[in-house]
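Visitor: This structure is in structure tokens; I'll ask about it shortly.
Have a look at this one:
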């Protein structure tokens, strides 16, 4: 067990409290990293990210691409011998990174999530076409995936108009 | 015989961008005497995005859906991701009396501690396909199918006690005569939104999934997730990928559904040539491109 230096335990403590997960239970067996389908797109593989948190290395953890590339598929934690909810930890880290205004490791992914929630706030349901248009607009990218978009439109995988829920008051309550 | 009624949460991916999945799912349920009542005015479960950036919204979105379920009806969900979102929120409520009070104030309905939330797969423990079908083994005869589950069999630790459905598609489809191909990538996640934000990354994984399945001799993939289906269809970099079926399509076909011509033209990779080759198309489709 590593003793944390004074002043370095903030992140470890915060994440432990927020997620309810005992971070010192990680054995660094690397099962999570071996199981992760997307670890190669991450700057720190999942077990190294846990190590960063254990060491209280807040900046490295919160600015990492890892916390955004993780899609929460739960493959890591269903194999983890200590049943650590790694995607749950990622959720805490992402929210903290946004709250504290850290440099975001993957701004595109944050934009995507924001656009999804924007349409859900407006309509109550996700509207894929608008999500894609807004996302591409922010990125100023109209070339990549244009063909895929057309195919999806043709096959009615993208609806032109959003599907809306009736109870608008409920949405106000949720997105207050 | 009367039908068994379930409350049904479709979710955005299934209902709004996967019509062929929705249609074949409803067909299948109807044919096995199950009536799905769509949850009135349901909203998005929050998908991958809400829990990624705002945990309050991520809790409230499923809470409202839970409050809409009619008393006494089990809630059936066919999207694996919606299921996790709703079930996790439900368990959180169940274990937290304070949160229950807030929920009741907010949504004006008492919390229902007996609410049953099940995945579509659970139906296979409650029905017997052979009761609804004659000569089941002839129905999908000869077709070589690689089952693809993606992340749906992986559960976060708080849902570890949920039933495991490992092998369910293999079991159901082989009973209908399909030859199931094991290829090692059955549970490799499709990447969900990385398909938009990191297309190269998801392309690599999806292409691997197809290459392995094709090397193993599969003629098609089958998936039970609408989101996976889309990613598999749009992110495979191979020139001539095999088609991907929805689990519900193969099931309904085997049970003799007649409206296949409404489903298959909505696929990006056309499955009709394969079905013809295996002589599995009962009526000639008008829309065979």
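Protein chains in written order, with this note's numbering: chain A, 42 to 217; chain L, 515 to 803.
Note that beta-carbon positions come from the ideal geometry of N, C-alpha and C, so glycine has one too.
From a predicted model like this one, the values you see are computed outputs, not experimental measurements.
Which two residues bound the contiguous alpha helix (DSSP H) that contains residue 787/L?
Guide: Looking up residue 787/L in the second chain gives position 273. Segment 786 to 791, the alpha helix (DSSP H) holding residue 787/L.
Visitor: For residue 798/L, count neighbouring C-beta atoms within 10 Å of its own C-beta (all shown protein chains included) and say buried if the count is 16 or more, exposed if not.
Guide: One-based indexing of the second chain puts residue 798/L at position 284. Residue confidence is low: residue 798/L scores 47 on pLDDT, short of 50, so the model does not pin down where it sits. No coordinate-derived value is stated.
Visitor: Can a CB atom of chain A be found closer than 8 angstroms to the CB of residue 786/L?
Guide: Residue mapping note: residue 786/L aligns to position 272 of the second chain, counting from 1. Taking Cβ atoms only, chain A never reaches closer than 8 angstroms to residue 786/L, which makes this a no.
Visitor: For a contact defined as C-beta to C-beta under 7 angstroms, what are the partners of residue 206/A on chain L?
Guide: By 1-based counting over the first chain, the position of residue 206/A is 165. Within 7 angstroms Cβ-Cβ: 555 and 557.
Visitor: Looking at residue 721/L and residue 664/L, is the spacing between their C-beta atoms short of 8 angstroms?
Guide: Here residue 664/L is taken as the residue at index 150 of the second chain, counted from 1. Here residue 721/L is taken as the residue at index 207 of the second chain, counted from 1. No, Cβ-Cβ distance for residue 664/L and residue 721/L is not below 8 angstroms.
Visitor: Taking just the CA atoms, how far does residue 783/L sit from residue 691/L?
Guide: Sequence index remark: in the second chain, residue 691/L carries index 177 (1-based). Sequence index remark: in the second chain, residue 783/L carries index 269 (1-based). So the alpha carbons of these two residues sit roughly 23 angstroms apart.
Visitor: I believe residue 80/A touches residue 74/A by the beta-carbon criterion, under 8 angstroms. Please report the beta-carbon distance rounded to the nearest angstrom.
Guide: On the first chain, residue 80/A is found 39 positions in, with the first residue counted as 1. On the first chain, residue 74/A is found 33 positions in, with the first residue counted as 1. The Cβ separation is near 5 angstroms, so the contact holds.
Visitor: Do three or more CB pairs link the stretch 674 to 694 of chain L to the stretch 707 to 722 of chain L at distances below 8 angstroms?
Guide: Judged by Cβ distances under 8 angstroms, the stretch 674 to 694 of chain L makes no contact with the stretch 707 to 722 of chain L, as fewer than three pairs qualify.
Visitor: Which stretch, first to last residue, makes up the alpha helix (DSSP H) that contains residue 653/L?
Guide: Here residue 653/L corresponds to residue number 139 of the second chain, with the count starting at 1. Where residue 653/L is concerned, there is no enclosing alpha helix (DSSP H), given that its DSSP letter is neither H nor E.
Visitor: For a test of the three-state rule: what should DSSP assign to residue 659/L, helix, strand or coil?
Guide: To locate residue 659/L, count along the second chain from 1; it is residue 145. DSSP places residue 659/L in strand when its eight states are reduced to three.
Visitor: Output yes if chain L places a C-beta closer than 8 angstroms to the C-beta of residue 122/A; else output no.
Guide: Your numbering for residue 122/A matches position 81 in the first chain. No, no contact with chain L.
Visitor: Which residue marks the beginning of the beta strand (DSSP E) containing residue 745/L, and which one marks its end?
Guide: Here residue 745/L corresponds to residue number 231 of the second chain, with the count starting at 1. Note, residue 745/L: premise wrong, no beta strand (DSSP E); alpha helix (DSSP H) at 740 to 749.
Visitor: Can a CB atom of chain A be found closer than 8 angstroms to the CB of residue 725/L?
Guide: Against the second chain, residue 725/L aligns to sequence position 211. Not an interface residue.
Visitor: Put residue 116/A into one of helix, strand or coil per three-state DSSP.
Guide: Translated into positions along the first chain, residue 116/A becomes position 75. Helix at residue 116/A.
Visitor: Identify the continuous beta strand (DSSP E) that holds residue 764/L and give its terminal residues.
Guide: The residue you call residue 764/L lines up with position 250 of the second chain. Note, residue 764/L: premise wrong, no beta strand (DSSP E); alpha helix (DSSP H) at 761 to 768.
Visitor: So, does the stretch 117 to 133 of chain A touch the stretch 167 to 178 of chain A, judging by three or more C-beta pairs under 8 angstroms?
Guide: Counting Cβ pairs under 8 angstroms, fewer than three are found: no touch.
Visitor: Return the residue from the list 730/L, 636/L, 659/L and 700/L that minimises the CA-CA distance to residue 678/L.
Guide: As a first step, residue 678/L is located in the second chain; it is residue number 164 there, counting from the start. Comparing Cα-Cα distances from residue 678/L to each of 730/L, 636/L, 659/L and 700/L, the minimum goes to 636/L.
Visitor: Could you tell me the distance, in whole angstroms, from the CA atom of residue 800/L to the CA atom of residue 785/L?
Guide: Working through the second chain from its first residue, we reach residue 800/L at position 286. Working through the second chain from its first residue, we reach residue 785/L at position 271. Caution is warranted here: a pLDDT of 44 is assigned to residue 800/L, below 50, making its placement in the model unreliable, and the coordinate value is therefore given only provisionally. Roughly 14 angstroms between the two C-alpha positions.
Visitor: Do the stretch 744 to 761 of chain L and the stretch 111 to 123 of chain A meet, that is, are 3 or more Cβ pairs less than 8 angstroms apart?
Guide: They do not touch, by the three-pair rule.
Visitor: Once DSSP output is grouped into helix, strand and coil, what is the label at residue 633/L?
Guide: Stepping through the second chain from its first residue, residue 633/L is reached at position 119. In the structure shown, residue 633/L sits in a strand (DSSP, three-state: E or B).
Visitor: Grab me the residues of residue 673/L's own chain with a C-beta within less than 8 angstroms of its C-beta, minus the 5 sequence neighbours each way, in chain order.
Guide: For this step, residue 673/L is matched to residue 159 along the second chain. Excluding residues within five positions, the ones whose Cβ falls inside 8 angstroms are 598, 601, 602 and 605.
Visitor: Can the beta-carbon of residue 762/L be found less than 8 angstroms from the beta-carbon of residue 535/L?
Guide: Residue mapping note: residue 762/L aligns to position 248 of the second chain, counting from 1. Residue mapping note: residue 535/L aligns to position 21 of the second chain, counting from 1. Cβ distance < 8 angstroms, so residue 762/L and residue 535/L count as in contact.
Visitor: Quick check on residue 523/L: buried or exposed, where buried means 16 or more other Cβ atoms within 10 Å of its Cβ?
Guide: Position 9 of the second chain, counted from the first residue, corresponds to residue 523/L. Buried: at least 16 other Cβ atoms inside 10 Å.
Visitor: Comparing the C-beta of residue 708/L with each C-beta of chain A, is any distance below 8 angstroms?
Guide: Stepping through the second chain from its first residue, residue 708/L is reached at position 194. At least one chain A Cβ lies under 8 angstroms of residue 708/L.
Visitor: Give a yes or no on whether 8 angstroms exceeds the smallest Cβ distance from residue 69/A to chain D.
Guide: Given the protein chain composition of this structure (A and L), no chain D is represented.
Visitor: Give a yes or no on whether 8 angstroms exceeds the smallest Cβ distance from residue 803/L to chain A.
Guide: Counted from its first residue, the second chain places residue 803/L at position 289. Reliability of the predicted coordinates at residue 803/L is poor, the pLDDT of 37 falling under 50, and the value obtained from them is presented with this limitation in mind. Not one chain A Cβ lies under 8 angstroms of residue 803/L.
Visitor: Checking the sheet assignment: what are the DSSP bridge partners for residue 734/L?
Guide: Your numbering for residue 734/L matches position 220 in the second chain. In the DSSP output, where bridge partners are listed per residue, residue 734/L has 659/L.
Visitor: Which residues, in chain order, does the stretch 670 to 696 of chain L contribute to contact with chain A at a C-beta distance below 8 angstroms?
Guide: The residues in question are 670, 671, 672 and 674.
Visitor: Listed from N- to C-terminal order along the chain, which residues in the stretch 149 to 167 of chain A have their beta-carbon within a distance smaller than 9 angstroms of any beta-carbon of chain L?
Guide: Residues 149, 150, 151, 152, 153, 154, 155, 156, 157, 158, 160, 161, 162, 164, 165, 166 and 167.
Visitor: For residue 641/L, collect the residues of the same chain with a Cβ closer than 6 angstroms to its Cβ; drop the 5 residues on either side in sequence, then sort them by chain order.
Guide: By 1-based counting over the second chain, the position of residue 641/L is 127. Contacts found: 546.
Visitor: For chain L, is any of its Cβ atoms less than 8 angstroms away from the one on residue 80/A?
Guide: By one-based count along the first chain, residue 80/A stands at place 39. Not closer than 8 angstroms to any Cβ of chain L, the Cβ of residue 80/A fails to qualify, so no.
Visitor: Can the beta-carbon of residue 595/L be found closer than 8 angstroms to that of residue 741/L?
Guide: Along the second chain, one-based indexing puts residue 595/L at 81. Along the second chain, one-based indexing puts residue 741/L at 227. The answer is yes: Cβ separation under 8 angstroms.
Visitor: Between the alpha carbons of residue 757/L and residue 111/A, how many angstroms are there, rounded?
Guide: Mapped onto the second chain, residue 757/L falls at position 243. Mapped onto the first chain, residue 111/A falls at position 70. The straight-line gap from Cα to Cα measures roughly 28 angstroms.
Visitor: Would you report the Cα separation of residue 76/A and residue 612/L, rounded to the nearest angstrom?
Guide: On the first chain, position 35 is the one that residue 76/A refers to. On the second chain, position 98 is the one that residue 612/L refers to. Answer to the nearest angstrom: the Cα atoms are 37 angstroms apart.
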